[in-house]
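Worksheet: the structure to be examined is printed underneath.
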Amino acid sequence: MPLLEDGRLRPDDWTHVEDEAPLPEGPAIVSLARLRAEAASLAGRNAPLGVALPPETQPEEIAPFLDRLALIAVKMPKSKDGRAFTQIRALREHHGFAGEIRAAGHILPDQYAMLLRCGVTTVEVPEGTKPETWARSRDTIRIAYQAAQGADRPLSLLRRKLELA
Amino acid sequence: MNALTPPQYARTYRYDEIDREFLQERIAEFRGQVERRLAGELTEDEFKPLRLMNGLYLQLHAYMLRVAIPYGLLNSAQLRQLGKIARRWDRGFGHFTTRQNIQFNWTKLEDVPAMLEALAEVDMHAIQTSGNCIRNTTTDEYAGASPDEVVDPRVYAEILRQWSTLHPEFTWLPRKFKIAITGAPHDRVAAQVHDVGVLAKRNERGEVGFEVHAGGGLGRTPIIARKLRDWVPEAEFLAYMEAVLRVYNALGQRDNIYKARIKILVRDLGDEFTQMVEREYERMPRDKYRLDPEIVAAIAAHFAPPPFAALDDQPLPEDPEFRQWAEASVRAHKKPGYASVTISLKPIGGIPGDASAEQMEAVADLAERHSFGEIRVTHVQNLVLPHVRQEDLHALWQGLRAAGLATPNIGLISDIIACPGMDYCALATARSIPIAQRISERFASLDRQHDIGECFINISGCINACGHHHVAHIGILGVDKRGEEVYQITLGGSATNDAAIGELIGPAFSYDAVVDAVETLITTYIAHRAAGERFIDTYRRIGVMPFKDALYAPA
Amino acid sequence: MSTKAKARPATAPVVFTANRLRDGRVVWFGAEGTWRDRIDGTTPFAPAAAEEGLALAQQGERDQQVVGVYAVEVDPAGPTPLKFRERLRVQGPSVAAEAA
Ligand code: HEM
Ligand code: SF4
């Protein structure tokens, strides 16, 4: 699946791994169940490790694993289901997670700017996606009334120019 | 002065360059989305949440555009512009709602970007008037004017408006989210039946803080809110709101829209909900969310009192017809010599909450002449001129009369709340407007209405309860019974400090019988009332039985 | 919205209604595959043909002409919808819908 970062498509070097399947050599995203069951052996791997965080899971539940994770994939089962926004913000704000946060599932270009402001890094998009649509949607509104994640200044005014990384 | 320039002293929040730029960007975004939709690049399923975020519904006969009137505040230039929009892109009228918004019922999709541009000319928009996001915050229509006010709620309603506008985390909530805020001990905003109800107050040192309630609501599961906290300090207001919304966004139900409102979560979790909010609040980086006193001061400056003259209270002129109107419509003001005036949008036999373009213009003119150019929209679908000199009241009344806006029925039985019902609404199970019209015609005699006294009738055309029927003294809910419209009656609801959900009185009445049933309820009240008792007082004293007996007694 | 038609098999003849995408006005599906402003003169589908009719009508959604296609049971005389809600869709609001 194509991957979107900074409004551009880029190759995805991560593999989603089924629970029963053997782990590949390179970067791998496993399920939460597998992460829990095989935490010790997974930690011993040399390649980067990621986990798919189901929408109903609170980020606290993966806190013990965070220092071993290079990627967390959150999922929007439907574009209307916005639980991922709170998960992403909590991962950045409460847990200080600095790795890649990737959003997958049914996501509209119109949600891109808000995902970025909550702290997302990449979005898995369907084949045939026009990255310009996403970039345009990200850039249309440059003003925000709230602080975004990763902003270095505390919110000293209710509003300020939106600074997308 | 240009027609789009608001009068100098009208205290509505004035946009600055950043706000205007934001709005232009937002319109550009929606214009693009409409173009993509019309070109077939967006399916209806994809477009629907986007149009809803811009206040655009698809109704029974057409699209409907719901425009935000932030916390019910308008200046005369804005009201005049709403009139212009009604004339140019609708059928010459608009419908004011219980959420202090206005709806245009005959909107065309292809016109919407132009309508939004016309709104932006007067710092207005339709953002977040629909969809599963934080909606327009509502507040007291007498803010800044009422003698019992402790804290000016407009300041914090504006802060909430800015904070909630395109909030990156809370725009895809499980369900819509409505906040009401009041700054007076007498609750005029129905705080306890909102997702979050806020009571702004002061401590002994005079500092501002907030009592926060959550989980109230009407709809198919009416629930009175739970108090989360007695006191949230001003600086922590947004942090605390963030905490409430975070818990809701993470845990609110997603798979059943009838259980997705925060009220269900709060009801199911009980005190655990409060604890979760507190835990989130404790651990968040509070500096980042702190509400700076400088911001509060900057926003409060928008709502500084207009230059009131030093006046004395005045006796009203002797004209009896004027007196009858004044008794219903005029309310005490915190400044001597001034009064607040409620303008009825409930003419006998009219459509509750509707105003024509001409009426909007007439009210705008009168507001400029008599109320520093300020108008408020009330949650019972009327308008208010907040600051009128008592010596001007008679002239104002004549002006209103000329525009057909002087029905002296505020708070009386024909001051009915009615949702659009099946005449417009795609979700309705029955009509509500014609019921309101026929009740108001039945009680057309103003002497009789004044004799009956305060009595709130609210009508909804389906269980979603947009007409607030649960919290009416007499609530009417239209339902479909095998293809026929029938109406259930509830008694004893209240939306103020003593908030209560009305009690269903018995089997439903047919379209033709419901007005007679209301009349029977009223004659029963008259027969039983003690001196000085309102309908609700008598009901509370004697209970439901006498009313039931009168309605269902074998003939 | 478009799921409504599937809710329950038709027991009476049906016509199809929708709102026009551009302006939201109520329209009715004519047998020739066109969408018309008035219900008069549309040819109802027999109950057994309702699903087939729906598929034809939904082409209007795919062509981005209309939104919210659904079936309306009718008395073929007219045709006239059996339900009050759709009769209102035919005649417009039962209350004054223009400024007085
Ligand atoms: C005409 C188009 C309208 C539609 C489609 C509509 C739809 C709905 C729906 C579906 C709900 C229930 C939401 C839920 O419980 O999750 C609701 C609630 C509500 N509506 Fe409307 N509505 C409309 C018009 C209005 C109008 C005109 C008013 C004001 C007069 C209004 C005021 C409200 C209020 C105050 C509630 C909240 C009740 C609660 O706490 O659940 N609505 N609306
Ligand atoms: S109560 Fe029902 S009928 Fe009335 S406006 Fe709300 S959704 Fe429509």
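Protein chains in written order, with this note's numbering: chain L, -3 to 161; chain Z, 1089 to 1643; chain P, 47 to 146. The beta carbon of each residue, even a glycine, is placed where N, CA and C say it ideally should be.
Identity of the residues DSSP links to residue i by a beta bridge
i, result
"Leu1161 (chain Z)", "Z:Arg1464"
"Ile25 (chain L)", "L:His12, L:Gly46"
"Ile1190 (chain Z)", "Z:Val1155, Z:Phe1184"
"Lys1315 (chain Z)", "Z:His1301"
"Glu1105 (chain Z)", "In DSSP, Glu1105 (chain Z) forms no bridge with anything."
"Thr1527 (chain Z)", "Looking at the sequence provided, one finds Ile at residue 1527 (chain Z) rather than Thr. Ile1527 (chain Z) is not bridged to any residue."
"His1213 (chain Z)", "Z:Ala1156"
"Ser1444 (chain Z)", "Z:Phe1181"
"Thr1225 (chain Z)", "Thr1225 (chain Z) is not bridged to any residue."
"Met1329 (chain Z)", "Per DSSP, none; premise fails for Met1329 (chain Z)."
"Asn65 (chain P)", "P:Val72, P:Val113"
"Thr1430 (chain Z)", "Z:Val1472"
"Met72 (chain L)", "L:Gly101"
"Leu(-1) (chain L)", "L:Arg6, L:Glu120"
"Ala1288 (chain Z)", "Z:Phe1298"
"Lys1569 (chain Z)", "Z:Glu1572"
Inter-residue CB distance, residue i and residue j (contact presumed, cutoff 8 Å)
i, j, result
"Thr1225 (chain Z)", "Ile1267 (chain Z)", "5 Å"
"Glu119 (chain P)", "Val113 (chain P)", "Contact flag wrong, Cβ pair sits at about 21 Å."
"Thr162 (chain L)", "Ala1338 (chain Z)", "Any answer about residue 162 (chain L) is impossible in this case: the structure gives chain L only from -3 up to 161."
"Ala1660 (chain Z)", "Leu1473 (chain Z)", "Within the shown structure, residues of chain Z are numbered from 1089 to 1643, placing residue 1660 (chain Z) beyond reach of any answer."
"Arg1125 (chain Z)", "Phe1118 (chain Z)", "Wrong, their Cβ atoms sit about 10 Å apart, outside the cutoff."
"Leu111 (chain L)", "His91 (chain L)", "With 8 Å as the limit, Leu111 (chain L) and His91 (chain L) do not qualify as a contact, their Cβ atoms being about 18 Å apart."
"Glu1205 (chain Z)", "Arg138 (chain L)", "No, Glu1205 (chain Z) and Arg138 (chain L) are not in contact; Cβ-Cβ is about 19 Å, not under 8 Å."
"Gln145 (chain L)", "Glu57 (chain L)", "In fact, because the Cβ distance is near 20 Å, the residues do not count as touching under 8 Å."
"Val1239 (chain Z)", "Lys1289 (chain Z)", "6 Å"
"Gly124 (chain P)", "Asp86 (chain P)", "7 Å"
"Arg1102 (chain Z)", "Leu1161 (chain Z)", "Rounded, the Cβ-Cβ distance is 11 Å, inconsistent with contact."
"Ile1523 (chain Z)", "Ile1551 (chain Z)", "That pair is no contact at about 16 Å."
"Leu1488 (chain Z)", "Glu1542 (chain Z)", "Going by Cβ atoms, the distance from Leu1488 (chain Z) to Glu1542 (chain Z) rounds to 21 Å, so no, they are not a contact pair."
"Leu1399 (chain Z)", "Arg1477 (chain Z)", "7 Å"
"Met1372 (chain Z)", "Glu1330 (chain Z)", "7 Å"
"Val60 (chain P)", "Ala96 (chain P)", "5 Å"
"Leu87 (chain L)", "Ile25 (chain L)", "Not quite, the Cβ-Cβ distance comes to about 15 Å (not below 8 Å), so this is no contact."
"Pro44 (chain L)", "Lys71 (chain L)", "Rounded, the Cβ-Cβ distance is 19 Å, inconsistent with contact."
Beta-carbon neighbours of residue i, restricted to chain P and to distances below 9 Å
i, result
"His1213 (chain Z)", "The premise fails here: His1213 (chain Z) is roughly 20 Å from chain P at the closest Cβ pair, so nothing lies under 9 Å."
"Gln1525 (chain Z)", "Val141"
"Thr1195 (chain Z)", "Asp69, Gly70"
"Glu1123 (chain Z)", "Going along chain P, no residue has its Cβ under 9 Å from Glu1123 (chain Z), so there is no contact; the nearest lies around 12 Å."
"Leu1126 (chain Z)", "Leu67, Arg68, Gln110"
Under 8 Å from the C-beta of residue i: neighbouring residues of chain P
i, result
"Pro1201 (chain Z)", "What Pro1201 (chain Z) touches in chain P: nothing, since even the nearest Cβ is about 13 Å away."
Chain Z contact residues for residue i, given Cβ-Cβ distances below 9 Å
i, result
"Pro59 (chain P)", "Those within 9 Å of Pro59 (chain P) in chain Z number zero; the least Cβ separation is about 17 Å."
"Glu89 (chain L)", "Met1372, Pro1373, Lys1376"
"Asp77 (chain L)", "Trp1260, Pro1262, Arg1342"
Listed by chain order, chain Z residues near residue i by CB distance under 7 Å
i, result
"Arg71 (chain P)", "Ala1150"
"Arg131 (chain P)", "Met1510"
"Gly138 (chain P)", "His1149"
8 Å Cβ cut-off: residues of chain Z touching residue i
i, result
"Val113 (chain P)", "Glu1132, Leu1146"
"Arg82 (chain P)", "By Cβ distance, chain Z contributes nothing, its closest Cβ being about 16 Å from Arg82 (chain P), past 8 Å."
"Glu107 (chain P)", "Glu1132"
Closer than 6 Å: residue i CB and nearest the ligand NAD heavy atom
i, result
"Pro1508 (chain Z)", "Because the ligand NAD does not appear in the structure shown, any question about it cannot be addressed here, the ligands present being the ligand HEM and the ligand SF4."
Contact set between residue i and chain P, taken where Cβ atoms lie within less than 7 Å
i, result
"Pro1647 (chain Z)", "Look at the range of chain Z in this structure, 1089 to 1643, and you will see that residue 1647 (chain Z) is not part of it."
"Gly1399 (chain Z)", "Going by the sequence as given, residue 1399 (chain Z) is Leu instead of Gly. Here the premise fails: no neighbours, minimum Cβ distance about 37 Å."
Listed by chain order, chain L residues near residue i by CB distance under 9 Å
i, result
"Pro1321 (chain Z)", "None at all; the shortest Cβ gap to chain L is about 17 Å."
**Prompt:** When the Cβ atoms of the segment 1178 to 1194 of chain Z are set against those of the segment 1254 to 1262 of chain Z, are three or more pairs found closer than 8 Å?
**Reply:** no
**Message:** For the segment 1452 to 1470 of chain Z against the segment 1160 to 1179 of chain Z, do three or more pairs of beta-carbon atoms, one drawn from each stretch, fall closer than 8 Å, so that the two count as touching?
**Reply:** yes
**Request:** Pair every Cβ in the segment 1268 to 1288 of chain Z with every Cβ in the segment 1299 to 1309 of chain Z, then say whether three or more of these pairs are closer than 8 Å.
**Result:** yes
**Prompt:** Between the segment 1388 to 1404 of chain Z and the segment 1350 to 1359 of chain Z, do at least 3 Cβ pairs fall closer than 8 Å?
**Reply:** no
**Prompt:** Does the segment 1217 to 1233 of chain Z come close enough to the segment 1261 to 1281 of chain Z to have 3 or more Cβ pairs within less than 8 Å?
**Reply:** yes
**Message:** Would the segment 1487 to 1497 of chain Z count as touching the segment 1428 to 1438 of chain Z if we require 3 or more Cβ pairs under 8 Å?
**Reply:** yes
**Asked** Is the segment 1401 to 1414 of chain Z touching the segment 1131 to 1150 of chain Z in the sense that three or more CB pairs, one from each, lie closer than 8 Å?
**Response** no
**Request:** Report yes or no: do the segment 1568 to 1584 of chain Z and the segment 1525 to 1540 of chain Z share at least 3 C-beta pairs separated by less than 8 Å?
**Result:** no
**Prompt:** Taking one C-beta from the segment 1581 to 1591 of chain Z and one from the segment 1608 to 1620 of chain Z each time, how about it: are there three or more such pairs within less than 8 Å?
**Reply:** no
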